[in-house]
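Per UniProt numbering, the sequence shown runs over residues 1 to 258.
Every residue, glycine too, gets a C-beta built ideally from N, C-alpha and C.
Quick caveat, the model's predicted, so the values are computed rather than measured.
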Amino acid sequence: MTDFSTTNQKPLFRKPSIFAGLEHVIAAESTRHGGVSPAPFNSLNLGGSQDSQTHILANNHRFFAALGVPFEQVAKSHQVHGNEIINVKAPDRFEGFDALITNVPGIQLAVTVADCTPILVFDTVNKASAAIHAGWRGTVSGIVSKTIAAMQNSFGSDPKNCFAYVGTCIDECSFEVGEDVAQHFTSAFKRWDENKGKFFVDLKNANREQLLAAGLLQENIEVSPYSTVLHNEDYFSYRLENGVTGRLLATIGYFPEV
């Protein structure tokens, strides 16, 4: 991934390397730096929280301006930890969708997270994009698999022509869960810790496996090396910060005029 620095030399966002060679694709993942929000939302809080909506909006304008994307071209949804997908025809604010897809140039899709897994996808042939929010519920309900299928059905996407980024989230070593959550995951994506009497779940690899099972090539998938918990100085973590924190944003769009 590539860092893009603010004036204090801390990255405002990072760009996934997997999309670097794709012309006119704008893709990035925010950090917590370079915004206007005070503690505990400091400082680039981009989503729903107890923070002032004035701060959140100002941060969004600052973030997208740094990417060269007009804010009025952004499409987001209020996420509900489900598996509903919307095919976006025009920039807007939607309700109840955890994945957005589009093949319309000039629409910047975005999802917010603070431990859940963001996944970005781009179809290089049909110039179609997807932005996915996958918490543990979305992961076990197959939201990534369903999104790839929706891209196939809606745009004729061939998974072999798709590139994907599995973004920064809570890592396996920090995602401690009880049996009520662990029971939904296969043994490949959970680990029992005898000393703690808890399971640990690997959301990154669980979602990466859905991409592979859907037909994406291994070499076309990048997984973030960062953790919202282990690298909390750069990222927001709902769990580590006891629910009083900001939101990160992962975004992708195709802008042939840029």
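Presumed contact (8 Å Cβ cut-off) between residue i and residue j, rounded CB distance
| i | j | result |
| --- | --- | --- |
| ARG247 | LEU57 | Not really, about 13 Å apart at Cβ, beyond 8 Å. |
| THR147 | ILE101 | 6 Å |
| HIS133 | ASP98 | 5 Å |
| TYR165 | LEU212 | So it is not a contact: roughly 14 Å between Cβ atoms. |
| LEU203 | CYS169 | 6 Å |
| SER77 | GLY96 | 7 Å |
| ILE18 | PHE163 | 5 Å |
| VAL201 | VAL177 | 5 Å |
| SER43 | ARG32 | 7 Å |
| VAL144 | ASN207 | 5 Å |
| SER157 | ASN195 | Not confirmed; about 45 Å, so no contact. |
beta-carbon residue i near the ligand MG non-hydrogen atom, thresh 7 Å
| i | result |
| --- | --- |
| VAL69 | Looking at this structure, you won't find the ligand MG or any other ligand, since it has none at all. |
Residue i, enclosing alpha helix (DSSP H) - first and last residue
| i | result |
| --- | --- |
| ARG62 | 53 to 67 |
| LEU203 | 203 to 214 |
| GLY138 | 136 to 140 |
| ILE170 | Where ILE170 is concerned, there is no enclosing alpha helix (DSSP H), given that its DSSP letter is neither H nor E. |
| LYS127 | Note, LYS127: premise wrong, no alpha helix (DSSP H); not H, not E. |
| SER154 | 143 to 155 |
Backbone CA spacing between residue i and residue j [nearest angstrom]
| i | j | result |
| --- | --- | --- |
| residue 272 | GLY34 | A question about residue 272 goes unanswered here, because the residues of the chain that appear run from 1 up to 258. |
| VAL244 | ALA114 | 10 Å |
| PRO40 | GLU233 | 12 Å |
| TYR226 | PHE122 | 21 Å |
| SER30 | SER237 | 13 Å |
| ILE85 | MET1 | 27 Å |
| THR7 | ASN59 | With a pLDDT of 46 at THR7, under the threshold of 50, the modelled position of that residue is not reliable, and no figure is offered here. |
| LEU230 | ILE26 | 27 Å |
| GLU72 | PHE199 | 43 Å |
| MET12 | GLY167 | This sequence places Leu at residue 12; Met is not what is there. Going by the C-alpha atoms only, they are around 16 Å apart. |
| GLU257 | ALA128 | 16 Å |
| LYS160 | ALA149 | 13 Å |
| THR124 | SER154 | 15 Å |
| GLY215 | ASN103 | 20 Å |
| ALA75 | PHE94 | 8 Å |
| THR117 | ALA110 | 13 Å |
| ALA90 | GLN108 | 10 Å |
| ASN242 | VAL140 | 24 Å |
| GLU219 | PHE185 | 25 Å |
| MET151 | ALA131 | 11 Å |
| ARG14 | ALA28 | 6 Å |
| SER187 | SER52 | 42 Å |
| TYR235 | PHE64 | 18 Å |
| ALA20 | GLY142 | 27 Å |
| residue 281 | PRO70 | Because residue 281 is not part of the residues shown, which for the chain are 1 to 258, the question remains open. |
| THR228 | TYR254 | 27 Å |
| LEU249 | THR112 | 4 Å |
| ARG239 | ASP180 | 17 Å |
Per DSSP, the bridge partner or partners of residue i
| i | result |
| --- | --- |
| CYS116 | DSSP, once it has assigned bridges, lists no residue as partnering CYS116. |
| GLN108 | VAL74, GLY253 |
| ILE85 | ALA99 |
| LYS198 | ASP193 |
| LEU94 | What sits at residue 94 in the sequence shown is Phe, not Leu. Its beta-bridge partners are SER77. |
| HIS133 | PRO118 |
| ALA39 | ALA39 is not bridged to any residue. |
| VAL177 | PHE199 |
| PHE163 | PHE122 |
Residue range of the beta strand (DSSP E) that includes residue i
| i | result |
| --- | --- |
| GLU29 | 25 to 30 |
is_contact[residue i, chain D] using C-beta, thresh 8 Å
| i | result |
| --- | --- |
| THR147 | Judged by its chain identifiers, the structure shown contains no chain D, having just a single protein chain. |
Output the residue ranges of the beta strand (DSSP E) runs that lie fully inside the segment 219 to 249 and measure 3 residues or longer, sorted by chain position. 221 to 223
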